[in-house]
Amino acid sequence: MDIGEYLRRLGYEGPREPTLETLRALHLRHLESVPFENLDIHSQRPIVLDEAAFFDKVVRRHRGGFCYELNGLFASLLRALGFQVTYLSGRVSPDGVHPSGPEFDHLVLEVSLDGASWLVDVGFGEGFSEPPPLAPGAWDSGGQRFHLERLGEDWSLSLEMPGGARRLLYVFSRVPRRLEEFSEMCRYHQTSPDSFFLKSRLCSRKTPTGRVTVSGQRLIVTEQGRRVEQPLATAEDIERALLEHFGIPRGALGVAVAP
1 MDIGEYLRRL
11 GYEGPREPTL
21 ETLRALHLRH
31 LESVPFENLD
41 IHSQRPIVLD
51 EAAFFDKVVR
61 RHRGGFCYEL
71 NGLFASLLRA
81 LGFQVTYLSG
91 RVSPDGVHPS
101 GPEFDHLVLE
111 VSLDGASWLV
121 DVGFGEGFSE
131 PPPLAPGAWD
141 SGGQRFHLER
151 LGEDWSLSLE
161 MPGGARRLLY
171 VFSRVPRRLE
181 EFSEMCRYHQ
191 TSPDSFFLKS
201 RLCSRKTPTG
211 RVTVSGQRLI
221 VTEQGRRVEQ
231 PLATAEDIER
241 ALLEHFGIPR
251 GALGVAVAP
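Position one of the sequence shown corresponds to residue 1 (my numbering), numbered consecutively onward.
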């Protein structure tokens, strides 16, 4: 792990001591610098659970990834800086109501610091910007309101919608896990016709004023709550958008980009 190279990828020049302030700053910089994306899945390039492979892809090749890659790599950075990090298994709600997703569907992190625990997740797309305390309650983040609750022996993370209704994002257990335990679900999400990640090409990252996303053949830019969509009619248009908004080099996918 080359800490300096990783931090340059994030554009982070702040303190490196394992403090809550450092954790919050790194979490936000990760979300704004490294996209959540499934491009390798659509290029049929296998993703394996290996920290060296994560580092090469995200840091050296200026790519992003999905939860196993992003949270897996972020965990290795935090540990190298002196944080105590635990892998947790999350189950994404398929309908925003029921906690019926399979075990190891999502990789999320718990960071223990100064006698307290914090929920850390840089691999869920439109999630919270800064880690919340791992305790029941609600908090505002990035213009949205999130809720953490106990659900029997598990925990649930929900997003409050306009009008006050809540959309369940995922349920997770605090049982410590190993990275290799997520291998089967990592393969599932790359190969199963039922996998969300095979339905459409996606590349998205948070910005200081909103979010920028390539979804299928659309470029979606949200700034201060205002959403603008632009069609991406050709493979060249998609590659240009990936380069301009995410820094993903042309030809980096190794195959022609097709809608």
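Just so you know, even glycine gets a beta-carbon here, dropped at the ideal spot from N, CA and C.
Delimiting residues of the beta strand (DSSP E) encompassing residue i
| i | result |
| --- | --- |
| residue 144 | 144-151 |
| residue 182 | Premise fails: residue 182 is in no beta strand (DSSP E) and is neither H nor E. |
| residue 172 | 166-172 |
| residue 154 | 154-160 |
| residue 88 | 84-92 |
Own chain partners of residue i with C-beta closer than 8 Å, once the 5 adjacent residues on each side are dropped
| i | result |
| --- | --- |
| residue 10 | 26, 29, 30, 33, 34 |
| residue 187 | none |
| residue 223 | 207, 209, 210 |
| residue 113 | 18, 19, 20, 23, 83, 84 |
| residue 42 | 198, 201 |
| residue 1 | 51, 55, 76, 77, 80 |
Segment limits, alpha helix (DSSP H) that includes residue i
| i | result |
| --- | --- |
| residue 31 | 20-33 |
| residue 138 | Note, residue 138: premise wrong, no alpha helix (DSSP H); beta strand (DSSP E) at 137-141. |
| residue 6 | 3-10 |
| residue 72 | 67-80 |
| residue 51 | 51-55 |
| residue 40 | 39-42 |
Assumed close pair residue i, residue j - CB separation to whole angstroms, cut-off 8 Å
| i | j | result |
| --- | --- | --- |
| residue 49 | residue 179 | 5 Å |
| residue 155 | residue 171 | 7 Å |
| residue 119 | residue 85 | Their Cβ separation, rounded to whole angstroms, is 12 Å, which puts residue 119 and residue 85 out of contact at 8 Å. |
| residue 78 | residue 111 | 6 Å |
| residue 126 | residue 211 | 7 Å |
| residue 23 | residue 132 | Actually they are not in contact, since the Cβ atoms of residue 23 and residue 132 sit about 11 Å apart, beyond 8 Å. |
| residue 183 | residue 89 | Not quite, the Cβ-Cβ distance comes to about 12 Å (not below 8 Å), so this is no contact. |
| residue 37 | residue 76 | Residue 37 to residue 76, Cβ: 19 Å. No contact. |
| residue 227 | residue 220 | 7 Å |
| residue 64 | residue 54 | Rounded, the Cβ-Cβ distance is 11 Å, inconsistent with contact. |
Close Cβ partners of residue i (< 7 Å) along its chain, the five nearest in sequence each way excluded
| i | result |
| --- | --- |
| residue 258 | Annotation note: pLDDT 40 at residue 258 (below 50); position unreliable, no value reported. |
| residue 17 | none |
| residue 260 | The structure shown does not extend to residue 260, since the chain spans only 1 to 259, so no value can be given for it. |
| residue 168 | 93, 96, 97, 99, 156, 158 |
| residue 137 | 148 |
| residue 185 | 102, 104, 105 |
| residue 5 | 59 |
| residue 254 | Reliability fails at residue 254, whose pLDDT of 49 lies under 50, so the model's placement of it is uncertain and no value is given. |
| residue 231 | 217, 218 |
| residue 116 | 133 |
| residue 245 | 212 |
6 Å Cβ shell around residue i - same chain, five flanking residues per side excluded
| i | result |
| --- | --- |
| residue 15 | 22 |
| residue 161 | 167 |
| residue 195 | 189 |
| residue 177 | 87, 89 |
| residue 3 | 80 |
| residue 128 | 141, 146 |
| residue 260 | One cannot answer for residue 260 here, as it falls past the ends of the chain, which runs 1 to 259. |
| residue 229 | 218, 220 |
Check: residue i C-beta below 6 Å from any heavy atom of the ligand MG
| i | result |
| --- | --- |
| residue 111 | The model depicted lacks the ligand MG and carries no ligand whatsoever. |
| Fully enclosed by the segment 97-132, which beta strand (DSSP E) runs are 3 residues long or longer? | 106-113, 116-120
| task | Let me know the alpha helix (DSSP H) ranges lying completely inside the segment 186-248, each 4 residues or longer, listed in chain order. | result | 235-246
| request: Count the CB pairs spanning the segment 143-160 and the segment 186-204 that are closer than 8 Å, and state whether there are at least three. | output: no
| request: For the segment 65-73 and the segment 110-130, state whether three or more C-beta atom pairs, one from each stretch, are separated by less than 8 Å. | output: Contact between the segment 65-73 and the segment 110-130 is present, because at least three Cβ pairs lie under 8 Å.
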